[in-house]
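Structural data, given as structure tokens:
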């Protein structure tokens, strides 16, 4: 598939070349990597170390300070890794923001839905993958058709409708139960795929179409970076939210019911809890209580994540309605103004 993609890209993608002499931005790269790394580490480790612990608070502070430093540096650098002036174009900024938020919700929920399929419903790895195939087929079918709707209705309506469908599917996560059917899961994830099909292609077109051809590489990089960054944050945030919820719920359900050492072993994640429940050494009555408590606790956490993901996607919908132009502007393809020159200490920004 990769080889085929490379061959088709070489044959079909038009050539573009930036006439300006670009340079690497090592400081910007380091600041962005360390800032995002510190923030993600803090979110991931918070359920274990405690949200108010010194380490976690310090991680958030360091990440926030470095992120602010990155933004300041990119605004002042002569050769920024990411020209922040591109975001002055509402078509570029609204589409980038929508992609970031929808992939935050998508990756965060898909990371958890696979655990739900295997640990709660008891599906094998292969069966869990097969259950998610229809959503991929829906995306492959309707993504190419989204351009037809864009031509008729404009980007704003199509992207907003797609985001609304994604938000609805996320909200429907609250209907999933420990005994949900295959058809139920497929219906929810297929609706999510339908929404994504009408978000990804139009937003990508908005990002790429808002820049001159010479900056196509920058547009492609931003389009990919927003997806990866949103996905990384989504997995970290939603994973931590569900982990905290799961631990609290399991502890409440099994305290005084199972021995403390056993409770300590099953309270960390649903997969481990179900595995311990299936061990021969675990008495059948205790095993049944552990499995039931673990599955119910995980599903409860999944409901919370679904609501949070729906809210985030609705925020993206509002942003698109307010800021994404329905049609390209005449000046969308004009080069952005040059990055600001480095300022002396104490100077104001223009």
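Residue numbers (UniProt numbering): 1 to 350. Think of the CB as a built atom: it goes at the ideal place given N, C-alpha and C, for glycine as much as any other residue.
Which residues bound the alpha helix (DSSP H) around residue 116? Note, residue 116: premise wrong, no alpha helix (DSSP H); not H, not E.
With residue 312 and residue 104 assumed to form a contact (beta carbons below 8 Å), what rounded beta-carbon distance in angstroms separates them? Going by Cβ atoms, the distance from residue 312 to residue 104 rounds to 6 Å, so yes, they are a contact pair.
Determine whether the beta carbon atoms of residue 102 and residue 194 lie at a separation below 7 Å. Note that the C-beta distance between residue 102 and residue 194 is not below 7 Å.
With distances taken Cα to Cα, identify the nearest neighbour of residue 62 among 74, 41, 228 and 79. 41
Could you tell me which residues DSSP pairs with residue 321 in its beta bridges? Residue 321 pairs with nothing; no bridge assigned.
Buried or exposed: where does residue 152 fall if 16 or more other Cβ atoms within 10 Å of its Cβ makes it buried? Counting Cβ neighbours within 10 Å, residue 152 comes out exposed, since fewer than 16 surround it.
Below 7 Å between beta carbons: does that hold for residue 119 and residue 258? Here residue 119 is not near residue 258, since their CB atoms are 7 Å or more apart.
Hey, which unbroken runs of the alpha helix (DSSP H) at 4 residues or more fall wholly within the region 119 to 202? 125 to 142, 146 to 153 and 155 to 171, all fully within the region 119 to 202.
Starting from residue 245, trace the alpha helix (DSSP H) both ways and give me its first and last residue. Start and end: 216 to 254.
DSSP three-state label for residue 16, please. Annotated three-state conformation of residue 16 is coil, per DSSP.
For residue 130 and residue 160, the rounded distance between their alpha carbons: Straight-line spacing of the CA atoms in residue 160 and residue 130 works out to 29 Å.
Residues in the same chain with beta-carbon distance under 8 Å from residue 90, minus the five sequence neighbours each way, listed in chain order, please. 323, 324 and 325
Since residue 63 is in the alpha helix (DSSP H), which residue starts that stretch and which ends it? 54 to 76
Pick helix, strand or coil for residue 9, following the three-state DSSP scheme. helix
Ignore the nearest five residues each way along the sequence and tell me which others in residue 69's own chain have a CB closer than 6 Å to its CB. 31.
Please state whether DSSP places residue 338 in a helix, a strand or coil. With a pLDDT of 49 at residue 338, under the threshold of 50, the modelled position of this residue cannot be trusted; read the value that follows with caution. Three-state DSSP puts residue 338 in coil, outside helix and strand.
Which residues in the same chain have their Cβ closer than 8 Å to the Cβ of residue 288, if we skip the five residues on either side of it in sequence? 277
Exposed or buried, residue 264, counting other C-beta atoms within 10 Å across all chains shown (16 or more means buried)? exposed
Per-residue burial, residue 17 [other beta carbons within 10 Å of its own, 16 or more giving buried]: Residue 17 is classed as exposed because its beta carbon has fewer than 16 other beta carbons within 10 Å across all chains shown.
Tell me the rounded alpha-carbon separation between residue 13 and residue 189. 32 Å
Could you have a look at residue 258 and say whether DSSP puts it in helix, strand or coil? strand
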